[in-house]
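Numbering (the numbering used here), first residue to last: 1036 to 1324.
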């Protein structure tokens, strides 16, 4: 069984990139924070279809965690992650924080990225500064790895929107690929944070896909308000779950749609199940007014 080569430094990446360029080979990057599951492996599989060489980055980014969040307890499982990537990825880039942010050790500061108004909505409202941290590390990974293709998962829809915007606004020569969410049998989206859930909480996590399904069904004959309310009502069956938000956004702007809107929408939802915060999303092709 072929296991990926693990790289830790910018110099190792530069050597790899120079070799690939000389050989005329393309590179796909799958950025992760580790604690890999089948959802991540679906991203890696898609990356394999799109490029000659696949690099999976594993880095728990301190900039995207706020005070009181789960940075310290976020699972760090590098050895098992590398094993899970056998026959799937060619390289794992697992830097330490000083390599990603050299200003921590007296080096040049990494330019901070700013998510703008969309970064202050939804996840950004619940986690101030989160998307600035996400975009800063993604831009830095793009600088280090220099991928031809970048592969992300649809579950983090707001992140997907903002990373696509980053690539477009900076005219980066990167093909951006989004892979549909991978789900368990009961519809719960795979997430590294699912491992925090007790058995009872894990069952209750079905509230999120249930709400998305309710909204999707309502959209067949309801407008914006009725679709939103159908999704919210679904949470009444799940007393262990505390809804933070459920809303409908225009996929071209990621802004909430007005009540008279007709057209495609993305439903975004976040909720706390016990002490664990989960998010999910679903695209709806068309709403009726």
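The C-beta atom is built at its ideal place from N, Cα and C for all residues, glycine as well.
Uninterrupted alpha helix (DSSP H) stretches inside the region 1063 to 1122 (no shorter than 4 residues):
Whole alpha helix (DSSP H) segments, 4+ residues: 1073 to 1085 and 1113 to 1119.
Assigned exposure category for residue 1310 - 16 Cβ within 10 Å defines buried:
In this structure residue 1310 is exposed. Its beta-carbon is surrounded by fewer than 16 other beta-carbon atoms within 10 angstroms.
Take residue 1217 as the anchor and find which of 1227, 1208 and 1302 has the nearest alpha-carbon.
In terms of CA proximity to residue 1217, 1227 leads the group 1227, 1208 and 1302.
Taking Cβ to Cβ, would you say residue 1145 is nearer than 7 angstroms to residue 1136?
In this structure, residue 1145 places its C-beta atom within 7 angstroms of the C-beta atom of residue 1136.
Looking at residue 1302: is its Cβ nearer than 7 angstroms to the Cβ of residue 1322?
Not in contact: residue 1302 and residue 1322 (Cβ atoms no closer than 7 angstroms).
Taking Cβ positions, are residue 1083 and residue 1089 nearer each other than 7 angstroms?
Yes, these two residues count as a Cβ contact at 7 angstroms.
Have a look at residue 1312 and residue 1037 and give me their C-alpha separation to the nearest angstrom.
C-alpha separation (whole angstroms): 36 angstroms.
When the distance is taken between beta carbons, is residue 1169 closer than 7 angstroms to residue 1078?
No. Outside cutoff.
For the 8 angstroms Cβ check, are there 3 or more pairs between the region 1234 to 1243 and the region 1259 to 1277?
Remark: three or more beta-carbon pairs, one from each stretch, lie closer than 8 angstroms, so the region 1234 to 1243 and the region 1259 to 1277 are flagged as touching.
Give every residue of the same chain whose Cβ lies closer than 8 angstroms to the Cβ of residue 1252, excluding the five residues on either side of it in the sequence, and list them in chain order.
1265, listed in sequence order.
Is residue 1215 closer than 7 angstroms to residue 1194 when the C-beta atoms are compared?
Cβ atoms of residue 1194 and residue 1215: not closer than 7 angstroms.
Consult DSSP for residue 1183 and reduce its assignment to one of helix, strand or coil.
It is coil, neither helix nor strand.
Whose CA, out of 1163, 1181, 1121 and 1298, lies closest to the CA of residue 1050?
Of 1163, 1181, 1121 and 1298, the residue nearest in Cα terms is 1181.
Three-pair Cβ contact test at 8 angstroms for the region 1146 to 1153 versus the region 1196 to 1203:
With the cut-off at 8 angstroms, the region 1146 to 1153 and the region 1196 to 1203 touch.
In terms of alpha-carbon separation, which member of 1131, 1071, 1094 and 1307 lies closest to residue 1233?
For the options 1131, 1071, 1094 and 1307, the alpha carbon positioned closest to that of residue 1233 is the one of 1307.
Take residue 1179 as the anchor and find which of 1204, 1134, 1086 and 1161 has the nearest alpha-carbon.
Nearest option by C-alpha distance: 1134.
Near residue 1161, what residues of its chain come up, given a Cβ to Cβ distance below 7 angstroms and the 5 sequence neighbours on each side ignored?
Taken in chain order, the residues that qualify are 1279 and 1305.
Please report the distance separating the alpha-carbon of residue 1319 from that of residue 1231.
Cα to Cα, residue 1319 sits roughly 30 angstroms from residue 1231.
So residue 1281 and residue 1263 are supposed to be a Cβ contact under 8 angstroms. How far apart are they, rounded?
Sure, about 7 angstroms apart at Cβ, within 8 angstroms.
Which class does residue 1294 belong to by DSSP, given the choice of helix, strand or coil?
In the three-state reduction of the DSSP assignment, residue 1294 falls in the coil class, being assigned neither a helical nor a strand state.
Proximity winner among 1183, 1267, 1258 and 1237, relative to residue 1249 (alpha-carbon distances)
Residue nearest to residue 1249 within the set 1183, 1267, 1258 and 1237 is 1267 (criterion: CA-CA distance).
Is the separation between the beta-carbon of residue 1172 and that of residue 1229 shorter than 7 angstroms?
Not in contact: residue 1172 and residue 1229 (Cβ atoms no closer than 7 angstroms).
What's the C-alpha gap between residue 1123 and residue 1115?
In a straight line, the C-alpha of residue 1123 is about 14 angstroms away from that of residue 1115.
Nearest by alpha-carbon distance to residue 1255: which of 1289, 1110, 1298 and 1044 is it?
Closest by alpha carbon: 1298.
Determine the DSSP secondary structure at residue 1301, reduced to helix, strand or coil.
In this structure, residue 1301 counts as strand in the three-state DSSP scheme.
Top-ranked residue by Cα proximity to residue 1277, from 1236, 1103 and 1073
Scanning 1236, 1103 and 1073 for the CA closest to the CA of residue 1277 turns up 1236.
Can you give me the start and stop residues for the beta strand (DSSP E) that residue 1314 sits inside?
Per DSSP, the continuous beta strand (DSSP E) segment holding residue 1314 begins and ends at 1311 to 1322.
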